[in-house]
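Note that the working numbering numbers the sequence shown so that position 64 is 810, with each residue one more than the last.
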Amino acid sequence: NTRTLSFGDAEHISKNSPRYILSLLSKIDTWNRKEEISHSLTKFLRYNPINEFEPFYESLGLCPPEIPRFLQRDKVLLSDDGLMFENFHVLCYYGIPRSKIGRVYKEAREVFGYENGVLASKLEAYESLGVKKPV
């Protein structure tokens, strides 16, 4: 569940998935007072769990119409795909902007399935060949 996300990841996703957030808010009654909106949202999410991959993919720069083709029926929590999330972090720590990682996901999805440590080793090998980390 979302409690496994770091604050930085959660903040990035929430700030960079505006279409998803607007879509979610459109499903609840937002004409109420601020306190009632919170209650309405909590109630909605209790009975309508979200697929965490939708806002995550949008935050990576994928357009909302592209997202459904990447969703998997058996995975709704980011923690359900530990390898993907680990490789995402390797790319982040390497210096790839999060908003550009979606392009890598679209064009070289296999990168996100590498076993633990493989992607980091490959990036180090490229560095030894002269490839430099983004600044």
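Ideal Cβ positions, reconstructed from N, Cα and C, are used throughout, including at glycine.
These numbers come from a predicted model, not from an experiment.
*Can you give the Cα-Cα distance for Asn794 and Ser874, rounded to whole angstroms?*
48 Å
*Secondary structure at Cys809, three-state DSSP: helix, strand or coil?*
coil
*Apart from the five residues on each side of it in sequence, which residues of its chain come closer than 7 Å, Cβ to Cβ, to Glu757?*
none
*Where Phe753 falls, given that 16 or more other Cβ within 10 Å makes a residue buried*: exposed
*Would you kindly check if the distance between the Cβ of Ile774 and the Cβ of Ser786 is under 8 Å?*
yes
*Where does the unbroken alpha helix (DSSP H) through Pro764 begin, and where does it stop?*
764-771
*When you compare only the Cα positions, how much space is there between Gly859 and Phe834?*
10 Å
_Phe816 versus Ile783: straight-line alpha-carbon distance, rounded_ = 31 Å
*Work out the CA separation of Lys821 and Glu698 for me, nearest whole Å.*
A question about residue 698 goes unanswered here, because the residues of the chain that appear run from 747 up to 881.
*What separation, rounded to the nearest whole angstrom, lies between the Cα atoms of Ala871 and Gly841?*
16 Å
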